[in-house]
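To convert, note that position 616 of the sequence shown is 616 in full-length UniProt numbering; the numbers rise steadily by one, no gaps. Below is one structure, written out as structure tokens, with a few remarks after it.
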Amino acid sequence: MLNNDLRVSGKAGEHDRRDGHAPGNRFLGRVVACSGSRATIAAVAEQGGTDLTELWSVGRLISISVGRNRVVALVYSMNTGSHAWGEGEDNYFKIETELLGEVRVDEDGSEEFSTGISRYPYLGAIAHRIRSADLMRIYDAGEGTTAVIGKLTQDESIDAAIHIPSMLSKHFAVVGSTGVGKSTAVSLLLHKAIAADPKLRVLILDPHNEFAAAFPNHAVTIDTDTLDLPFWLMRLEEFAEVVFRGRPPVPDELDMLRDIMPEAKRAFRGSDNSLVRRTTEKSSITADTPVPYRMADLLALIDERIGRLEGRAEKPFLRSLKMRLIAAINDPRYHFMFSNNTISDTITETIAQIFRVPGENRPICTFQLAGIPSEVVNSVASVLCRMAFEVALWSEGAIHMLVVCEEAHRYIPSDPSLGFVPTRQAIARIAKEGRKYGVSLGIITQRPGELDQTILSQCSTLFAMRLANDRDQEIIRSAIPNSSISTTSFISSIGNGEAIAFGEAISVPMRMRFSRVDETLLPKASNANNKHSEEDPDSVDLRKIVTRMRAVTVGPDISNFQQSLAASVVGFEGADDAEEDLRDKPYAPPAPSAAPLESYRRELLPQAPRLDPAAPPAIDPRLDALRREMRREEPVFPRPAPPTDQPAITRREPGTSLRESILKKPLSSLYNKD
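Now the structure itself:
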């Protein structure tokens with residue numbers, strides 16, 4: 001929708017010049033003080049009437065006549081001198097205004113609004129209600145590339161329009177507390193953006209899975225079930241974030257991973273044809289090169305290093321690294337990274353799916369992050385932002401990329417010690433250099449105070465919705481130009497769906513209300529509202545919930561087992577019926593039997609074999625005597641005397657060692673002559 005209806009709706013506002021009151025009723029007051037950016041106006045309400053004072057209030061625009069021109073001012077404060085209101089008598093009051101610009105009247109009679117002021121109001125200058133035609137000139141951003149996104153709060157008959165190329169080229173931000181309508185406003189802005197720029201491709205990092213419902217005809221949804229993001233697309237720091245589960249990596253293990261990954265990539269390249277090997281050998285392969293490799297090759301190289309004789313000090317770190325890799329591979333939540341589909345070189349298919357090249361009339365990709373493990377979200381966001389910049393960079397202007405970060409304070413917090421460094425670097429690169437290569441950034445957050453101020457300062461267009469936190473309000477005040485600081489004085493009291501818009505895409509800061517979005521295009525968290533009306537705690541399937549919690553997507557196929565079990569239990573005639581019963585009915589434990597249970601008998605329990613004390617010992621008596629001799633132990637029970645043909649073993653003399661007692665004996669007494 002273009003802004004062609006601005007000049008049509010202005011006809012309805014011409015009655016502002018001469019309404020039903022007397023001609024002098026447009027007179028509000030006179031200027032009694034003026035500075036470089038502000039002016040004070042004194043006015044009077046005759047006989048305690050409020051018919052004129054209702055025509056303006058805080059947040060409204062007025063005009064001050066200065067010769068042929070009209071200076072535009074914003075009201076931000078008003079009060080009476082006596083701090084009281086007299087009924088039936090004249091009430092004098094003062095209005096504090098902020099100067100925004102002027103409507104210049106040229107020699108040929110044409111009128112144009114400019115943010116600069118050529119002549120400031122003089123003392124005694126007349127201040128009056130602004131004309132609707134002047135409001136249209138102030139908020140009209142031009143033809144052709146202007147989109148209407150709502151209405152002015154001051155005058156519902158005037159459209160609120162923005163300049164789409166300016167908003168996209170220099171980034172934008174939407175800030176506001178929870179529940180004020182940020183997601184609805186973003187969906188409206190994106191609908192206008194894709195209608196104005198056919199080259200635009202939008203990537204939405206959606207942590208709440210709510211934007212898929214807002215673009216049913218223009219977006220594709222990617223979640224953990226449809227995502228194949230190869231692990232080899234990650235750089236070393238991003239892959240280490242996955243392996244070490246969000247904790248700081250062990251330096252020794254990280255160095256080993258940096259040495260082994262290039263070898264695994266060369267091993268995978270060894271299976272390619274000779275032409276591919278020759279082209280890749282010209283450039284060195286590092287741990288950050290997006291070249292495919294197999295996890296089996298990586299584990300084999302670790303085993304090879306463990307088996308070497310040298311480097312014993314590094315073997316514990318190698319074993320620990322191997323266990324971390326195996327745990328990540330076997331984790332079902334990481335299936336989108338380590339599936340069989342990600343082993344081959346699928347970078348082209350991945351880019352085509354995520355970044356919509358070609359778009360197939362669906363230029364928006366909603367990347368749902370709710371199902372991805374929390375320790376991997378930072379790595380995934382880093383990969384997507386980095387690849388978005390590179391795709392737009394190497395397309396040489398053929399693709400305009402817009403990356404929308406919902407809950408941006410998670411990825412780029414104000415505290416440099418928090419967050420994931422590669423994600424911060426990727427988003428900062430888009431914010432600082434993206435304008436040159438056709439990459440835009442959209443920031444959505446409910447806590448601008450916790451957002452990196454360097455990134456927020458790069459957003460030249462800002463839509464500030466209701467903010468209750470004082471620190472967040474202070475951040476917005478610092479971002480607004482000095483001539484419009486008073487605009488945020490009522491930012492904590494605006495309603496849902498309202499915003500104060502300012503920046504490159506808007507000529508003058510305006511208080512506006514976003515247009516209502518159709519119910520079928522509202523952002524919803526996986527259609528949660530519909531599910532609530534269908535199911536309740538009494539009818540919900542708890543097994544499905546537990547299965548999703550455990551990240552088990554597909555269970556084992558037990559159909560063959562069911563058929564064999566049915567055939568063996570029932571026989572040939574009842575096999576089909578039993579199979580239907582096993583397939584359709586859930587498992588139920590067997591009912592307890594009514595027959596009395598037989599008491600156990602002690603003789604049926606497993607018992608150790610009893611030893612016969614009269615049985616000869618299993619150990620040679622000579623070895624047993626020698627053992628007791630060495631331990632200086634007395635025999636527990638008497639043993640039979642040795643045969644007469646075998647010399648008896650005597651105890652050693654007190655005070656002598658076993659060696660000395662053996663040397664004193666003849667050699668013939670130490671072995672059996674038989």
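We put the CB at the ideal spot given by N, CA and C, even for glycine. Every value quoted in this text rests on a predicted model; they were computed, and no experiment measured them.
DSSP three-state assignment for PHE502, whether helix, strand or coil:
Residue state for PHE502 is assigned as strand, using DSSP reduced to three classes.
According to DSSP, is MET261 helix, strand or coil?
MET261 falls in the helix class under three-state DSSP.
Under 8 Å, do VAL403 and GLY442 count as touching if we go by C-beta distance?
Going by beta carbons, VAL403 and GLY442 fall inside the 8 Å limit.
Among residues of its own chain, excluding the 5 on either side of GLY419, which ones have a beta-carbon nearer than 6 Å to its beta-carbon?
Closer than 6 Å at Cβ, skipping near neighbours: PRO413.
Considering only their Cβ atoms, is the gap separating THR461 from GLY503 smaller than 8 Å?
Taking 8 Å as the cut-off, the beta carbon of GLY503 is found closer than this to the beta carbon of THR461.
So, for HIS218: in the same chain, excluding its five sequence neighbours on each side, which residues have a beta-carbon less than 7 Å away from its beta-carbon?
Setting aside the 5 residues that flank it on each side, HIS218 is surrounded in the same chain by ILE194, ARG362, PRO363 and ILE364, each with a C-beta closer than 7 Å to its C-beta; the list follows chain order.
Under 8 Å by Cβ, that's how I've got ALA127 and ILE62 pegged, so tell me the actual separation to the nearest angstrom.
Between ILE62 and ALA127 the Cβ distance is about 6 Å, and since that is below 8 Å, they are a contact.
DSSP-derived helix/strand/coil call for SER57:
In this structure, SER57 counts as coil in the three-state DSSP scheme.
Apart from the five residues on each side of it in sequence, which residues of its chain come closer than 7 Å, Cβ to Cβ, to GLU210?
These residues qualify, in order along the chain: SER183, PRO523, LYS524 and ALA525.
Check the C-beta distance from ILE138 over to VAL66 and give it rounded, since I have them as a contact under 8 Å.
Your pair ILE138 and VAL66 does not check out as a contact, with CB atoms roughly 16 Å apart and the cut at 8 Å.
DSSP beta-bridge partners for ILE162?
The beta-bridge partner set that DSSP reports for ILE162 consists of ALA147.
As a quick exercise: from GLY88, GLY116, LEU203 and VAL103, pick the residue whose alpha carbon is nearest that of GLN368.
Ranking GLY88, GLY116, LEU203 and VAL103 by Cα distance to GLN368 puts LEU203 first.
According to the Cβ coordinates, are LEU99 and ARG38 closer than 8 Å?
Cβ distance < 8 Å, so LEU99 and ARG38 count as in contact.
DSSP three-state call for VAL570: helix, strand or coil?
Its pLDDT being 47, under 50, VAL570 is placed unreliably by the model, and nothing is read from it.
Give the single residue among ALA398, ILE399, SER507 and ARG424 whose Cα lies nearest to the Cα of ARG410.
Nearest in C-alpha terms to ARG410, of all of ALA398, ILE399, SER507 and ARG424, is ARG424.
Taking the alpha-carbon positions, what's the LEU123 to ARG30 distance?
Looking at the two C-alpha atoms, the distance is approximately 7 Å.
Nearest to LEU257 by CA position, among ARG247, PRO373, ILE117 and ARG235, is which residue?
Of ARG247, PRO373, ILE117 and ARG235, the residue nearest in Cα terms is ARG235.
Residues near ALA588 by beta carbon distance below 8 Å, same chain, minus five either side
With a pLDDT of only 49 at ALA588, under 50, the local geometry of the prediction cannot be trusted, and no value is derived from it.
Taking only three categories from DSSP, how would you classify CYS459?
Coil.
Identify the continuous beta strand (DSSP E) that holds GLY442 and give its terminal residues.
Residues 439 to 445.
What is the residue span of the alpha helix (DSSP H) that GLY307 lies within?
From DSSP, the alpha helix (DSSP H) with GLY307 extends over 295 to 307.
Cα separation between ILE306 and THR226?
Using only the alpha carbons, I get a separation of about 37 Å.
Any contact between the region 152 to 160 and the region 172 to 180? By contact I mean 3 or more CB pairs, one from each, below 8 Å.
Contact between the region 152 to 160 and the region 172 to 180 is absent, because fewer than three Cβ pairs lie under 8 Å.
For ASN91: DSSP bridge partner residues
Residue pairing by DSSP places ASN91 opposite ALA45 in a beta bridge.
What does DSSP give as the partner residues of HIS400 in its beta bridges?
For HIS400, DSSP records a beta bridge to LEU200.
Best match in ASP140, GLY59, ALA327 and ASP228 for proximity to SER77 [C-alpha to C-alpha]
Comparing Cα-Cα distances from SER77 to each of ASP140, GLY59, ALA327 and ASP228, the minimum goes to GLY59.
Need the endpoints of the beta strand (DSSP E) that THR350 sits in, please.
Looking at the DSSP string, THR350 is not in any beta strand (DSSP E); the run it does join, the alpha helix (DSSP H), is 347 to 354.
Tell me, which residues are paired with ILE364 by DSSP?
For ILE364, DSSP records a beta bridge to VAL202 and ALA219.
Alpha-carbon spacing of VAL421 relative to LEU451, whole angstroms:
When rounded, the distance between both Cα atoms is 14 Å.
So for ALA428, helix, strand or coil by DSSP?
The answer is helix: DSSP assigns ALA428 an H, G or I state.
Would PRO216 and GLU406 qualify as a contact pair, given that the criterion is a beta-carbon distance under 8 Å?
Result no, Cβ atoms of PRO216 and GLU406 do not sit closer than 8 Å.
Can you give the Cα-Cα distance for LEU275 and PRO290, rounded to whole angstroms?
Confidence in LEU275 is poor, its pLDDT being 46 and thus under 50, which makes the residue's placement too unreliable to answer from.
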